[in-house]
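Here the protein sequences come in this chain order: E and C. Going letter by letter, the first sequence gives residues 1 to 202 in my numbering. Going letter by letter, the second sequence gives residues 1 to 202 in my numbering. Think of the CB as a built atom: it goes at the ideal place given N, C-alpha and C, for glycine as much as any other residue. Reviewing the structure listed below.
There are 2 protein chains.
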Amino acid sequence: MASTYTAPVQALIDELGRLPGIGPKSAQRIAFHLLKLPTEDANRLAHAIREAKDKVRFCDRCFNVAEGPLCPICSDDRRDPTIICVVEESRDIVAIEKTGEFRGRYHVLLGVMNPLEGIGPEQLKVRELLLRLEPEGVEEIIVCTNPNTEGEVTAMYLARMLKPLGLKVTRIASGLPVGGDLEYADELTLGRALEGRRTIDA
Amino acid sequence: MASTYTAPVQALIDELGRLPGIGPKSAQRIAFHLLKLPTEDANRLAHAIREAKDKVRFCDRCFNVAEGPLCPICSDDRRDPTIICVVEESRDIVAIEKTGEFRGRYHVLLGVMNPLEGIGPEQLKVRELLLRLEPEGVEEIIVCTNPNTEGEVTAMYLARMLKPLGLKVTRIASGLPVGGDLEYADELTLGRALEGRRTIDA
């Protein structure tokens with residue numbers, strides 16, 4: 001009896017423990033932090049969750065987060081519809097938009113292929129990508145999944161599926177980060193950097 | 001415009017980022033996880049927060065989490081009122097109760113002294129501890145704050161304050177964890193273990 005938490009505390013710990021990257025100890029720590037907070041501060045989080053779930057949806061076309069049927073990028077006529085950048089999550093779009101280098105549209109897979117966890121193309125928004133190709137007149141797909149095993153597997157799969165359809169399929173470059181140091185680069189990254197070398201325009 | 005999140009998403013990321021141990025990247029990851037969840041699952045967390053804030057309070061006597069004015073331990077007449085175990089947080093009570101070794105009562109400081117962060121005894125429930133000594137006939141205080149710098153500082157402070165009042169003030173033992181390995185113990189722990197050596201009853 002006294003050796004466990006009261007039901008509402010345990011329920012809170014359980015729910016927090018379901019979040020990604022939150023282990024049982026962190027869930028406990030966060031729960032007690034919330035209990036000690038002034039009620040209005042803790043309820044602000046509860047409110048933010050409900051608000052986000054109420055107001056935010058996924059874009060009908062590209063699965064970016066959106067407040068209406070289409071996200072701001074899909075609603076923007078100035079974006080080039082012939083080139084689609086495929087990303088794992090909406091947050092990747094924010095990162096790419098910050099570069100100011102890309103004027104095409106996006107497609108969010110809402111995840112990445114992971115055979116070990118049983119996540120294949122059918123669990124991702126791959127079919128929805130295929131359905132966009134014809135009506136939007138897509139010519140190039142840039143696969144911007146993360147440069148790790150899952151991201152590479154997904155990129156390979158998409159390339160094999162899309163190339164026979166006559167599309168240009170490209171992959172973002174892997175290499176040394178700008179401002180990085182050769183000495184501290186891992187072999188894999190350095191190998192990729194060499195492999196992806198480009199002629200210097202001089 | 002397109003390079004930032006819509007307001008409800010940003011609000012959610014901001015609120016999550018205020019939780020202890022959640023950095024900006026984790027906050028983003030958790031926010032998108034919540035957005036992808038079925039609404040009822042995400043709202044269960046929001047509900048758990050509100051429920052906990054509504055139903056859970058701190059015990060009027062010991063500041064353990066409670067659903068009524070007193071926590072289950074303070075309401076239990078079979079607990080020895082003459083010995084109080086002082087802990088930092090309610091979760092420490094759960095850990096100690098699991099041992100089944102302690103039949104006294106508790107006092108939760110709701111934190112620990114941390115001079116660098118400006119947390120002194122007046123930010124903790126120290127005054128409330130003092131007020132319990134006389135009416136409850138307390139004879140011994142076991143200081144069960146964590147065996148780290150802050151916990152030791154707090155233990156030292158409490159000992160210096162309580163001993164002149166004629167109370168027995170003890171500290172939980174530091175030493176090698178049961179099942180641990182001497183070879184892998186750090187010097188500080190090993191030093192404490194030697195310092196705290198006990199006669200073998202043979």
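Using a Cβ-Cβ cut-off of 7 Å (strictly less than) and excluding sequence neighbours within five positions of residue i, which residues of its own chain qualify?
i: D92/E; result: C144
i: P69/C; result: D60
Smallest Cα separation from residue i: which of the options?
i: K168/E; options: E183/E, P115/E, C85/E and I22/E; result: C85/E
i: E204/C; options: L35/E, R61/E and N64/E; result: The requested residue 204/C is not part of the displayed model; chain C covers only 1 to 202.
i: L162/E; options: N148/E, P177/E and L133/E; result: L133/E
i: V138/C; options: G17/C, L19/C, Y106/C and A155/C; result: Y106/C
i: T170/C; options: D54/C, E152/C, R79/C and G21/C; result: E152/C
i: N148/E; options: I141/E, I142/E and M156/E; result: M156/E
i: A46/C; options: C62/C, E195/C and E15/C; result: E15/C
i: C62/E; options: E136/E, E40/E, L194/E and N43/E; result: E136/E
i: N146/E; options: A95/E, L182/E, R160/E and E101/E; result: A95/E
i: I216/E; options: V87/E, L37/E, K53/E and R44/E; result: One cannot answer for residue 216/E here, as it falls past the ends of chain E, which runs 1 to 202.
Under DSSP, the beta strand (DSSP E) around residue i begins and ends at which residues?
i: S170/E; result: It should be pointed out that residue 170/E corresponds to Thr in this sequence rather than to Ser. Start and end: K168 to R171.
i: R160/C; result: It is not in any beta strand (DSSP E) - R160/C instead sits in the alpha helix (DSSP H) that spans T149 to L162.
i: P81/E; result: D80 to V87
i: L108/C; result: Per the sequence presented here, residue 108/C reads as Val, with Leu not at that position. First-last of the beta strand (DSSP E) with V108/C: G104 to V108.
i: I93/E; result: Looking at the DSSP string, I93/E is not in any beta strand (DSSP E); the run it does join, the alpha helix (DSSP H), is S90 to T99.
i: E140/C; result: E140 to V143
Give the straight-line distance between the Cα atoms of residue i and residue j, rounded to the nearest whole angstrom.
i: Y184/C; j: K125/E; result: 49 Å
i: M113/E; j: I119/E; result: 5 Å
i: P8/E; j: A173/C; result: 33 Å
i: T189/C; j: V108/E; result: 51 Å
i: P81/E; j: G104/E; result: 6 Å
i: Y5/C; j: E97/C; result: 46 Å
i: A2/C; j: R29/C; result: Model confidence at A2/C stands at a pLDDT of 41, short of 50, so the residue's coordinates are unreliable; what they give is reported in the following sentence. Answer to the nearest angstrom: the Cα atoms are 19 Å apart.
i: R197/E; j: T154/E; result: 23 Å
i: D186/C; j: G175/C; result: 10 Å
i: A27/E; j: L19/C; result: 10 Å
i: G179/C; j: G179/E; result: 47 Å
i: G166/E; j: Q10/E; result: 55 Å
i: I83/E; j: L116/C; result: 54 Å
i: E195/E; j: E150/E; result: 20 Å
i: G23/C; j: D41/C; result: 23 Å
i: T39/C; j: P121/E; result: 24 Å
i: I49/C; j: G191/E; result: 49 Å
i: K53/C; j: D77/E; result: 47 Å
i: G17/E; j: T99/C; result: 24 Å
i: L158/E; j: L37/E; result: 47 Å
i: K25/C; j: R44/E; result: 20 Å
i: E67/C; j: P164/C; result: 35 Å
i: G21/C; j: G21/E; result: 11 Å
i: E101/C; j: R160/C; result: 26 Å
CB-CB under 6 Å to residue i, same chain, minus the five flanking residues each way: which ones, in chain order?
i: N32/C; result: The displayed chain sequence assigns Phe, not Asn, to residue 32/C. No residues qualify anywhere along the chain.
i: S75/E; result: none
i: I13/C; result: A27, Q28 and A31
i: D181/E; result: none
Tell me the residue span of the alpha helix (DSSP H) that contains residue i.
i: V126/E; result: V126 to E136
i: Q28/C; result: P24 to K36
i: T189/C; result: E187 to E195
i: V9/C; result: A7 to G17
i: I49/E; result: T39 to K55
Please return the same chain residues whose Cβ sits closer than 8 Å to the Cβ of residue i, not counting the five positions on each side in sequence.
i: V65/E; result: V56, R57, F58, C59, C71 and S90
i: R79/E; result: I73, R103, G104 and R105
i: Q123/E; result: G111
i: A193/E; result: S174, G175, L176 and A185
Query raised in the report: With contact counted as at least three CB pairs below 8 Å, one residue from each stretch, are the region 123–139 of chain C and the region 65–74 of chain C in contact?
Result: By the Cβ test, the region 123–139 of chain C is not in contact with the region 65–74 of chain C, since fewer than three Cβ pairs between them sit closer than 8 Å.
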